[in-house]
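A short write-up of the structure that comes next.
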Amino acid sequence: MSIFPELEIKKITTHQIQEMKGRGEKITMLTAYEYSIAKILDSSGIDILLVGDSASNVIHGHETTLPITLDQMISHASAVVRAVQRALVVVDIPFGSYQGNSSEALRSAIRIMKESGAHAIKVEGGSEIKDSIIRILSAGVPVMGHLGLTPQSIYKFGTYTVRAKEEEEAKKLFEDAQVLQDLGCFGLVLEKIPASLAKKVASNLRIPVIGIGAGPDVDGQVLVTHDMLGINNEFKPRFLRKYANLNDIITNAVRNYVKDVKLEDFPNNNESY
Ligand code: KIV
Numbered sequence: 038m039s040i041f042p043e044l045e046i047k048k049i050t051t052h053q054i055q056e057m058k059g060r061g062e063k064i065t066m067l068t069a070y071e072y073s074i075a076k077i078l079d080s081s082g083i084d085i086l087l088v089g090d091s092a093s094n095v096i097h098g099h100e101t102t103l104p105i106t107l108d109q110m111i112s113h114a115s116a117v118v119r120a121v122q123r124a125l126v127v128v129d130i131p132f133g134s135y136q137g138n139s140s141e142a143l144r145s146a147i148r149i150m151k152e153s154g155a156h157a158i159k160v161e162g163g164s165e166i167k168d169s170i171i172r173i174l175s176a177g178v179p180v181m182g183h184l185g186l187t188p189q190s191i192y193k194f195g196t197y198t199v200r201a202k203e204e205e206e207a208k209k210l211f212e213d214a215q216v217l218q219d220l221g222c223f224g225l226v227l228e229k230i231p232a233s234l235a236k237k238v239a240s241n242l243r244i245p246v247i248g249i250g251a252g253p254d255v256d257g258q259v260l261v262t263h264d265m266l267g268i269n270n271e272f273k274p275r276f277l278r279k280y281a282n283l284n285d286i287i288t289n290a291v292r293n294y295v296k297d298v299k300l301e302d303f304p305n306n307n308e309s310y
């Protein structure tokens, strides 16, 4: 098995994600919100690009994921789709566009697929959004679930602490995971739950389970790209491994630019026409 299989697989599909679970190959997923970074992530061998509603926080500067709109998500998704040659593009369907009304859920999912060209959508929640999921799936739109810490429900939880530590919540999460699989979801994200529970869910489900703060015994991992690249340094949860410190790199580059312009060193003769 090659660690960088981008030369072997031309396009990742939901079927290939399923096959990866079957052969025990870990699935890689990162968030993407715009063209240039998505292009780098795609050509670096990421299997799934998630146009996450975390764009609300890291791109638009909101405190929660609630304010981002369907139009904004479609705009981010379209840019990502234009950049991608290999990865599966999954788009978060935003808060308020699918929960209470399955017809609206279908309309929102169809808009995402039609206007952005994405390959699948992701929803937060379990049995309580069953009708919306059934309706979206009936139109042939692949759906990924998301359980555990579901940021769209932050005002219900009150905090961003680890979910499903208590038996009752763990039981509900396990049952919801089965419901999502039985409805026909092609994959599931588990966010910030005990590793033992995530392991139990992943080993009992046929569909791939992707974890964020859910330990190593799941079928793949997802991180928010801006966090793992160290662009915003304020967010430091235990589950986050930083692979770069772009904040320092960008700060140094910009300081050097400011200095060069102020000292009239930039542009020089070679940089002028
Ligand atoms: O919006 C997002 O970035 C997500 C990931 C944290 C899974 O849903």
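Residues in the sequence shown are numbered consecutively from 38, following our numbering. We treat Cβ as the ideally placed atom computed from N, Cα and C, and that holds for glycine. Bear in mind that the values here come from a model prediction, so they are computed numbers and not experimental data.
- Under the three-state reduction of DSSP output, Thr262 falls in the helix class.
- Asp129 sits in a strand when the DSSP states are folded into three classes.
- Per DSSP, the beta-bridge partners of Glu228 are Gly185, Ile249.
- In the three-state scheme derived from DSSP, where H, G and I count as helix and E and B as strand, Val160 is classed as coil.
- Note that the stretch 137-146 touches the stretch 164-172; at least 3 beta-carbon pairs, one per stretch, sit closer than 8 Å.
- Per the coordinates, the alpha-carbon of Ile191 lies some 12 Å from the alpha-carbon of Gly162.
- In the structure shown, the three-state DSSP call for Leu143 is helix.
- A direct Cα-Cα distance of roughly 15 Å separates Ala75 from Ile49.
- Rounded to whole angstroms, the gap between the alpha carbons of Asp108 and Asp302 is 43 Å.
- Per DSSP, the continuous alpha helix (DSSP H) segment holding Ile54 begins and ends at 51-59.
- Bounds of any alpha helix (DSSP H) do not take in Ile96, whose DSSP letter is neither H nor E.
- Leu242 carries a coil assignment under DSSP once its states are collapsed to helix, strand and coil.
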